[in-house]
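**Q**
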Amino acid sequence: MMLHQDETPVDEGIVRALLTDQRPEWAALPLTPAGAGTDNTMYRLGDDLLVRLPRTAEKAGALRKEQLWLPRLAPLLPYPVPEPLHAGTPTTAFPLPWSVQRWIHGDEVGPGTVRDWAALGADLAVFVRHLHAADLLGATRADALSGYRGGSLHPCDTWVSAALDDCRSRIGDETDVDTLHRLWRDALTLPEPAGRHVWLHTDLKPTNVLARDGRLCAVIDFGGLTVGFPDAEHAPIWDLPPPARHAYREALGVDDVTWARARAWALGVAASGVSYYWHTFPAFVAECRNRLREILADAG
Numbered sequence: 001m002m003l004h005q006d007e008t009p010v011d012e013g014i015v016r017a018l019l020t021d022q023r024p025e026w027a028a029l030p031l032t033p034a035g036a037g038t039d040n041t042m043y044r045l046g047d048d049l050l051v052r053l054p055r056t057a058e059k060a061g062a063l064r065k066e067q068l069w070l071p072r073l074a075p076l077l078p079y080p081v082p083e084p085l086h087a088g089t090p091t092t093a094f095p096l097p098w099s100v101q102r103w104i105h106g107d108e109v110g111p112g113t114v115r116d117w118a119a120l121g122a123d124l125a126v127f128v129r130h131l132h133a134a135d136l137l138g139a140t141r142a143d144a145l146s147g148y149r150g151g152s153l154h155p156c157d158t159w160v161s162a163a164l165d166d167c168r169s170r171i172g173d174e175t176d177v178d179t180l181h182r183l184w185r186d187a188l189t190l191p192e193p194a195g196r197h198v199w200l201h202t203d204l205k206p207t208n209v210l211a212r213d214g215r216l217c218a219v220i221d222f223g224g225l226t227v228g229f230p231d232a233e234h235a236p237i238w239d240l241p242p243p244a245r246h247a248y249r250e251a252l253g254v255d256d257v258t259w260a261r262a263r264a265w266a267l268g269v270a271a272s273g274v275s276y277y278w279h280t281f282p283a284f285v286a287e288c289r290n291r292l293r294e295i296l297a298d299a300g
């Protein structure tokens with residue numbers, strides 16, 4: 001499934017060749033598809049390893065961030081995070097960096113894996129509190145750590161407004177896009193975020209949060225790791241049921257203005273997802289549409 005025009009193709013044969021060339025001790029282990037997101041294609045390697053391969057050259061920088069920062073952040077966090085084991089180098093067959101991490105046992109959070117959504121929301125708040133309190137370890141909001149989700153809403157207005165206009169033609173018959181646009185415009189009038197910069201995961205959606213025995217057990221995919229203001233960190237909470245969302249907000253004590261900016265981030269990213277992936281990634285579009293429904297339900 002190709003999602004981007006400049007995507008680098010990959011298959012099991014290419015992964016085997018990479019392993020044979022760079023980590024021959026792993027090359028004979030069982031290899032099975034382990035999902036594909038908007039940034040990476042993944043294969044489970046044996047019982048204990050995960051191979052991550054970026055879809056495009058632009059996405060490759062995210063793996064480098066994980067390889068550099070996760071070993072240093074992991075001791076500061078209350079839940080397990082990915083452990084990079086091998087920084088793969090480009091080859092003729094696959095001309096991008098790639099990565100092998102330790103496999104984390106757990107399931108994506110969802111109705112079949114979470115027993116108590118309020119407890120899950122509180123658990124996630126514990127993770128976010130620790131991440132945002134973690135020492136920056138000399139990192140600054142620059143270069144690879146300057147992702148747009150750590151900054152102001154205003155520079156995103158052009159593409160968010162265009163995405164909302166596109167949503168009007170695609171899902172306007174079932175979604176109150178006018179209210180979404182109003183919520184976005186209202187957020188642009190709010191005071192700019194202030195305070196110190198913190199570490200941000202930026203993509204704490206259900207596919208990146210793992211559960212075991214009904215409770216949060218790990219957080220994965222730090223490709224969007226950024227240093228900046230925390231508003232957008234809260235955006236994926238609209239992907240979870242209301243009890244999780246309410247418990248999360250209460251545990252963190254998020255004020256009304258920050259929550260309104262977080263909601264704007266949530267709807268902006270979701271509208272963009274509907275627009276960009278409409279023809280190529282229907283499962284992700286469905287996630288984005290559900291987020292927009294939750295935002296409207298809250299606003300109503």
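So the sequence shown is residues 1 to 300, counted in the UniProt record's numbering. Glycine is no exception: its CB is placed at the ideal position from the N, C-alpha and C atoms. Fair warning: this is a prediction, and the values are worked out from it, not measured in the lab.
#1: Helix, strand or coil: how does DSSP classify P81 here?
#2: Hey, A87 and R72: beta-carbon distance below 9 angstroms or not?
#3: At which residue ranges does the region 96 to 162 contain complete alpha helix (DSSP H) runs of 4 or more residues, listed in the order of the chain?
#4: What does DSSP give as the partner residue(s) for Y43 in the beta ladder?
#5: Looking at the secondary structure, which residues open and close the alpha helix (DSSP H) in which V285 lies?
#6: Compute the beta-carbon to beta-carbon distance between residue 346 and C167, rounded to the nearest angstrom, for a pair I have assumed lies under 8 angstroms.
#7: P82 and L70 - do their beta-carbons sit closer together than 9 angstroms?
#8: Report yes or no: do the region 226 to 239 and the region 139 to 157 share at least 3 C-beta pairs separated by less than 8 angstroms?
#9: Out of P155, A125, T226 and K59, which one is the CA nearest neighbour of D143?
#10: By the three-class DSSP mapping on this structure, what secondary structure does R196 have?
#11: Since L218 and P80 are thought to touch, with beta carbons under 8 angstroms apart, how far apart are those beta carbons, to the nearest angstrom?
#12: Below 8 angstroms on the Cβ atoms is my guess for A60 versus P243; work out the distance and round it to an integer in Å.
#13: To the nearest angstrom, how far is the alpha carbon of L77 from that of V209?
#14: Classify A194 as buried or exposed, calling it buried when 16 or more other Cβ atoms lie within 10 Å of its own Cβ.
#15: Can you look up L183 in the DSSP assignment and give me helix, strand or coil?
#16: Hey, would you say A247 sits closer than 9 angstroms to A163, going by beta carbons?
#17: Per DSSP, V219 forms a beta bridge with which residues?
#18: Just verifying my parser: in three-state terms, what is the DSSP assignment at A93?
#19: Determine the closest residue to V128 out of L204, E108, G106 and W98, with distance taken between C-alpha atoms.
#20: Under the assumption that W265 contacts D221 (Cβ atoms under 8 angstroms), give the Cβ distance between them as a whole number of angstroms.
#21: Can you give the Cα-Cα distance for L240 and Y277, rounded to whole angstroms?
#22: Among the residues of its own chain, which have a CB less than 7 angstroms from the CB of A291, if the five just before and after it don't count?
#23: Quick one, which of T38, A62 and F94 has its alpha-carbon nearest H19's?
#24: Thinking just about the alpha-carbon of each residue, which of D11, T158 and G224 is nearest to the one in Q67?
#25: What does the alpha-carbon distance come out to for the pair V177 and L183?
**A** A quick look at the data gives this:
#1: Working through the sequence shown from its first residue, we reach residue 81 at position 81. Position check: residue 81 holds Val in this sequence, whereas Pro was assumed. Three-state DSSP puts V81 in coil, outside helix and strand.
#2: Stepping through the sequence shown from its first residue, residue 87 is reached at position 87. Stepping through the sequence shown from its first residue, residue 72 is reached at position 72. Using a Cβ distance threshold of 9 angstroms, A87 and R72 do not count as a contacting pair.
#3: DSSP runs (the alpha helix (DSSP H)) wholly in the region 96 to 162: 117 to 133.
#4: Looking up residue 43 in the sequence shown gives position 43. Partner(s): P33 and V51.
#5: Here residue 285 is taken as the residue at index 285 of the sequence shown, counted from 1. Its alpha helix (DSSP H) spans residues P282 to A299.
#6: Nothing in the structure corresponds to residue 346, since the chain is present only between 1 and 300.
#7: Residue mapping note: residue 70 aligns to position 70 of the sequence shown, counting from 1. Residue mapping note: residue 82 aligns to position 82 of the sequence shown, counting from 1. In contact: L70 and P82 (Cβ atoms closer than 9 angstroms).
#8: Yes, the region 226 to 239 touches the region 139 to 157.
#9: For the purposes of this step, residue 143 is identified with residue 143 of the sequence shown, where counting begins at 1. Considering only alpha carbons, the answer is T226.
#10: Within the sequence shown, residue 196 is the residue found at index 196, counting from 1. Looking at R196 - three-state DSSP - the assignment turns out to be coil, as it is neither helix nor strand.
#11: As a working mapping, residue 218 is identified with position 218 in the sequence shown. As a working mapping, residue 80 is identified with position 80 in the sequence shown. Looking at the sequence itself, residue 218 is Ala, so the reference to Leu does not match. That pair is a contact at about 4 angstroms.
#12: Residue mapping note: residue 60 aligns to position 60 of the sequence shown, counting from 1. Residue mapping note: residue 243 aligns to position 243 of the sequence shown, counting from 1. With a Cβ gap of about 38 angstroms, A60 and P243 do not count as contacting.
#13: Here residue 77 refers to the residue found at position 77 when the sequence shown is read from its first residue. Here residue 209 refers to the residue found at position 209 when the sequence shown is read from its first residue. Their Cα atoms are separated by approximately 14 angstroms.
#14: Your numbering for residue 194 matches position 194 in the sequence shown. With fewer than 16 other beta carbons inside 10 angstroms of its own, A194 counts as exposed.
#15: Here residue 183 refers to the residue found at position 183 when the sequence shown is read from its first residue. L183 falls in the helix class under three-state DSSP.
#16: The count along the sequence shown starts at 1 and reaches residue 247 at position 247. The count along the sequence shown starts at 1 and reaches residue 163 at position 163. The Cβ atoms of A247 and A163 lie no closer than 9 angstroms to each other.
#17: Numbered from 1 along the sequence shown, position 219 holds the residue referred to as residue 219. By DSSP's assignment, V219 forms a beta bridge with V209.
#18: In the sequence shown, residue 93 corresponds to position 93, counting from 1. In the structure shown, the three-state DSSP call for A93 is coil.
#19: Counting from one through the sequence shown, the residue named residue 128 turns up at place 128. It is L204.
#20: Residue 265 sits at position 265 when you count from the first residue of the sequence shown. Residue 221 sits at position 221 when you count from the first residue of the sequence shown. Taking 8 angstroms as the upper bound for CB-CB distance, W265 and D221 are not in contact here, some 18 angstroms apart.
#21: Position 240 of the sequence shown, counting from 1, holds the residue named residue 240. Position 277 of the sequence shown, counting from 1, holds the residue named residue 277. Between the alpha carbons of L240 and Y277 lies a distance of about 21 angstroms.
#22: Locating residue 291 in the sequence shown gives position 291, where the first residue counts as 1. One point to set straight first is that residue 291 is Arg, not Ala, in the sequence displayed. Closer than 7 angstroms at the Cβ level, and outside the excluded window around R291, lie W238, D239, A266 and A270.
#23: Reading the sequence shown from its first residue, position 19 is the one you call residue 19. It is worth fixing the name first, because residue 19 is Leu in this sequence and not His. If we check each option's Cα against that of L19, F94 comes out closest.
#24: Looking up residue 67 in the sequence shown gives position 67. Answer by Cα proximity: G224.
#25: Against the sequence shown, residue 177 aligns to sequence position 177. Against the sequence shown, residue 183 aligns to sequence position 183. Their Cα atoms are separated by approximately 10 angstroms.
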